[in-house]
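Trainee: The listed protein sequences correspond, in order, to chains A and B.
Letter 175 of the first sequence, counting from 1, is numbered 175 in the numbering used here, and no numbers are missing.
Positions in the second sequence are counted from 1; adding 1000 to them yields the numbering used here.
Number of protein chains: 2
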Amino acid sequence: MPKSLLFDRLLAIGVGLIGGSICLASKKQGLAGHVLGYSRRLETSHEALRLGLVDECVAGADDANLRNVDAVVLSIPVQQYQRVLTQFLPVLPPNCLIFDAGSTKSDVLEVLEALEPQFPGLSSRFVLAHPIAGGETHGPAAATATLFQDRSCVLCPLPQTNPAYLGKVERLWSALGARIRHMNAVDHDEMFGAVSHLPHLLAFAYVASVLNHPKGELFMKEGGAGYRDFTRIAASSPEMWADIFQNNSKALLATLGEFERTVGRVRQAIEQSDRKALEQVLVQAANYRSAWKPQ
Amino acid sequence: MPKSLLFDRLLAIGVGLIGGSICLASKKQGLAGHVLGYSRRLETSHEALRLGLVDECVAGADDANLRNVDAVVLSIPVQQYQRVLTQFLPVLPPNCLIFDAGSTKSDVLEVLEALEPQFPGLSSRFVLAHPIAGGETHGPAAATATLFQDRSCVLCPLPQTNPAYLGKVERLWSALGARIRHMNAVDHDEMFGAVSHLPHLLAFAYVASVLNHPKGELFMKEGGAGYRDFTRIAASSPEMWADIFQNNSKALLATLGEFERTVGRVRQAIEQSDRKALEQVLVQAANYRSAWKPQ
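Shown next, in the form of structure tokens:
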């Protein structure tokens, strides 16, 4: 067996852009011996099979093939975790490794805590992961073996996380070309709430608010490069982002509150022609952003 | 004299990126016979002369060379219009054409109304113009003859605007390669308030608000492509944008109010887990922005 083999039988629950890319890349890298794919929609798992993302389809939790799976990757909306895990865990081996690819983490912790009594030790073999990849496209057809190349993958190990399992998930993501970052779930959600979820919320809200103006569409037709870049993320999937906003509501609403307070200061400075207070905000932002460089 | 000559002696008040580019392009196109340049800072006009943007420098309103100027272009902050016009108009020929390049227009109308009693007919020979160009760079050294090529130039003619003067300004901007749009001053300020000034205000406020978080800088270091594009305009000149926000405060605060109401709806939808209300805003924005194309 190849030196790099990490899992004999990997089950992918969710075989869209993220799950399908993990499967494809794992097969190409020889990290997984045999890859099983499950999707709530049968056509989706069959498409993944046709595209060669997985070796075999699993129809449901009753499938006998699940008994000797040694690793599971969850690439489905976080709100489905509890239902799906409750379905599959009784059939899966009690020691099998599980990791996910969800965009939020505190809510996953809550699911693990809720399931722990029914499935003791679950949170020690569940590795919380968030690969920073994907975007406009979705579905198995969008999956590629290089999706995670040079992207970040945040891992949120728990005190009780099995170090051997954590090591395997780290080796997987490294082999897929990702830069691994460790972070606790709260910092993770605060960080992505601030630098990803809030900009999306504001871009969606901005475009929607201009559309409320009787001449809004006419106005936006004239939008230049600034408008174009500022609103690009407002074209993202509403379903996916509605999920993320709800899953990360606590951290998102906190950072939104700070934003609203800052906008209030800017509004007041303009209303009161307080040039000093106005420039204070603008200079603080411009100084930081001019020096900012992407990682 | 070349067929395309529009002005024998053009005076540029303000010779930075915009004013300097108008001078340079007018000289190259043979639109102006002789170009005089004035700047509040003598070094700036001398730099414009050294760079060949202008043929001659004017030290101040007392300069005898002003007596036979037949056109003036104002490329200075709008708040300086009233002071500068009050200085120069007594010396300039009473029939000389004046046009500007300011980013806001209703406030220019107020200046014209205020000066009309002292300088009768001023608003008939003053053509309000706004070339949509420029951005990060500034100063005479940033001026180019092609700055306005394929960019829009909005003109806001008044009922009393002298049609011959309007025609000359239109021919100038067409010769500089700009697409000319006519609009009234109120629509102009509402439009740019909505599609340019508000995005800048929100981008500045967003970056400043994240910086208020103890870990804000750490968080933004992790910003991806979405963060990068959403915040690009937050690196713009604070001085210039503080001017614009104050000059266009009425229209800007109105569109900001609509934005704040929309954000309030999104916040409430998240707080109340009202999925339908949340998706309504996101879908409206995503549908519009996915179909949007730059002009």
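From the three backbone atoms N, C-alpha and C, an ideal C-beta is built for every residue, glycine too.
On the DSSP letters alone, give me the boundaries of the beta strand (DSSP E) that Pro-131(A) sits inside.
Mentor: On the first sequence, position 131 is the one that residue 131(A) refers to. Where Pro-131(A) is concerned, the enclosing beta strand (DSSP E) stretches over 129-131.
Trainee: Can you name the residues of chain B whose CB is closer than 7 Å to the CB of Tyr-38(A)?
Mentor: The residue you call residue 38(A) lines up with position 38 of the first sequence. Under the 7 Å cutoff, chain B gives no residues; its nearest Cβ is about 25 Å from Tyr-38(A).
Trainee: Can you tell which of Glu-1222(B), Arg-1009(B), Val-1015(B), Glu-1190(B) has its C-alpha closest to the C-alpha of Ala-1032(B)?
Mentor: Along the second sequence, read from residue 1 onward, the residue named residue 1032(B) stands at position 32. Comparing Cα positions, the closest option is Arg-1009(B).
Trainee: On a CA-only basis, which of Cys-23(A), Glu-271(A), Gln-284(A), Ser-124(A) is nearest Ala-101(A)? Give me that one, please.
Mentor: As a working note, residue 101(A) is residue 101 in the first sequence. Nearest option by C-alpha distance: Cys-23(A).
Trainee: Give me the subset of the region 1084-1112 of chain B whose CB atoms are less than 9 Å from a CB atom of chain A, sorted by chain position.
Mentor: Going along the region 1084-1112 of chain B in chain order, one finds no residue with a Cβ nearer than 9 Å to chain A.
Trainee: Report yes or no: is there a C-beta of chain B within less than 8 Å of the C-beta of Phe-148(A)?
Mentor: Your numbering for residue 148(A) matches position 148 in the first sequence. No, no contact with chain B.
Trainee: Closer than 9 Å by beta-carbon distance: list the chain A residues that pair up with Asp-1063(B), in chain order.
Mentor: Taking the first residue of the second sequence as position 1, residue 1063(B) is located at position 63. Simply none; closest approach about 32 Å.
Trainee: Just to confirm, are Ser-236(A) and Ala-1286(B) a CB contact at a threshold of 8 Å?
Mentor: Locating residue 236(A) in the first sequence gives position 236, where the first residue counts as 1. Locating residue 1286(B) in the second sequence gives position 286, where the first residue counts as 1. Closer than 8 Å, so yes.
Trainee: Between Pro-2(A) and chain B, is any beta-carbon pair separated by less than 8 Å?
Mentor: Walking along the first sequence from the start, residue 2(A) turns up at place 2. Low confidence applies to Pro-2(A): its pLDDT is 49, below 50, so where it sits in the model is not reliable, and the reading given next is rough at best. No, its Cβ sits nowhere closer than 8 Å to a Cβ of chain B.
Trainee: Have a look at Tyr-1134(B) and Ala-225(A) and give me their C-alpha separation to the nearest angstrom.
Mentor: Translated into positions along the second sequence, residue 1134(B) becomes position 134. Translated into positions along the first sequence, residue 225(A) becomes position 225. Inspection of the sequence shows that residue 1134(B) is occupied by Gly rather than by Tyr. Whole-angstrom Cα-Cα distance: 11 Å.
Trainee: Alpha carbons only, please: which of Gly-1060(B), Asp-1070(B), Asn-1065(B) is nearest the one belonging to Thr-1086(B)?
Mentor: What you label residue 1086(B) is simply residue 86 of the second sequence in a count that begins at 1. Of the listed residues, the one whose Cα sits closest to Thr-1086(B) is Gly-1060(B).
Trainee: So, for Val-210(A): in the same chain, excluding its five sequence neighbours on each side, which residues have a beta-carbon less than 8 Å away from its beta-carbon?
Mentor: Taking the first sequence and counting its residues from 1, the one referred to as residue 210(A) is at position 210. If we look at Val-210(A) and ignore the five residues flanking it on each side, its Cβ neighbours are Gly-216, Phe-219, Met-220.
Trainee: Might you give, ordered along the chain, the residues of its own chain that have their beta carbon closer than 7 Å to the beta carbon of Asp-178(A), omitting 5 neighbours on each side?
Mentor: Walking along the first sequence from the start, residue 178(A) turns up at place 178. Residue 178(A) is actually Ala in this sequence, not Asp. Pro-131, Phe-148, Arg-151, Ser-152, Cys-153, listed in sequence order.
Trainee: Give the interface partners of Gln-236(A) over in chain B, defined as CB-CB distance under 7 Å, in chain order.
Mentor: Translated into the one-based positions of the first sequence, residue 236(A) becomes position 236. Looking at the sequence provided, one finds Ser at residue 236(A) rather than Gln. By Cβ distance, chain B contributes Ala-1286.
Trainee: State the Cα-Cα distance for the pair Arg-261(A) and Arg-267(A), rounded to the nearest angstrom.
Mentor: Indexing the first sequence from 1 puts residue 261(A) at position 261. Indexing the first sequence from 1 puts residue 267(A) at position 267. Going from the Cα of Arg-261(A) to the Cα of Arg-267(A) covers about 10 Å.
Trainee: Helix, strand or coil for Ile-1018(B)? Go by DSSP, reduced to three states.
Mentor: Reading the second sequence from its first residue, position 18 is the one you call residue 1018(B). Residue state, collapsed to three classes: helix.
Trainee: Is the beta carbon of Val-35(A) sitting closer than 8 Å to the one on Ser-26(A)?
Mentor: Residue numbering aside, residue 35(A) sits at position 35 when the first sequence is read from its first letter. Residue numbering aside, residue 26(A) sits at position 26 when the first sequence is read from its first letter. For Val-35(A) and Ser-26(A), yes; Cβs fall inside 8 Å.
Trainee: For chain B, find out if any of its Cβ atoms is closer than 8 Å to the Cβ of Ile-132(A); answer yes or no.
Mentor: In the first sequence, the residue the question calls residue 132(A) occupies position 132. Yes - at least one Cβ of chain B is within 8 Å of the one on Ile-132(A).
Trainee: Among all the DSSP beta bridges, which residues are the ones paired with Arg-1267(B)?
Mentor: Here the question's residue 1267(B) lines up with position 267 in the second sequence. Bridge partners of Arg-1267(B): none, in fact.
Trainee: Closer than 8 Å by beta-carbon distance: list the chain A residues that pair up with Ile-1233(B), in chain order.
Mentor: Within the second sequence, residue 1233(B) is the residue found at index 233, counting from 1. Near Ile-1233(B) (Cβ distances below 8 Å), the residues of chain A are Gly-226, Asp-229, Phe-230.
Trainee: I'd like to know if Lys-1221(B) contacts chain A, where contact means its C-beta is closer than 8 Å to some C-beta of that chain.
Mentor: The sequence position of residue 1221(B) within the second sequence is 221, counting from 1. Yes, Lys-1221(B) lies at the interface with chain A (some Cβ there is under 8 Å from its Cβ).
Trainee: Whole-angstrom Cβ separation of Glu-1116(B) and Leu-1122(B), contact assumed at under 8 Å?
Mentor: The residue you call residue 1116(B) lines up with position 116 of the second sequence. The residue you call residue 1122(B) lines up with position 122 of the second sequence. Contact flag correct, Cβ pair sits at about 6 Å.
Trainee: Using a 10 Å radius around the Cβ and a threshold of 16 neighbouring Cβ atoms, would you call Pro-1238(B) buried or exposed?
Mentor: As a first step, residue 1238(B) is located in the second sequence; it is residue number 238 there, counting from the start. Result: buried.
Trainee: Return helix, strand or coil for His-1188(B), following the three-state DSSP convention.
Mentor: For the purposes of this step, residue 1188(B) is taken as residue 188 along the second sequence, with counting starting at 1. Three-state DSSP puts His-1188(B) in a helix.
Trainee: By the three-class DSSP mapping on this structure, what secondary structure does Glu-1047(B) have?
Mentor: The residue given as residue 1047(B) occupies position 47 in the second sequence. Residue state, collapsed to three classes: helix.
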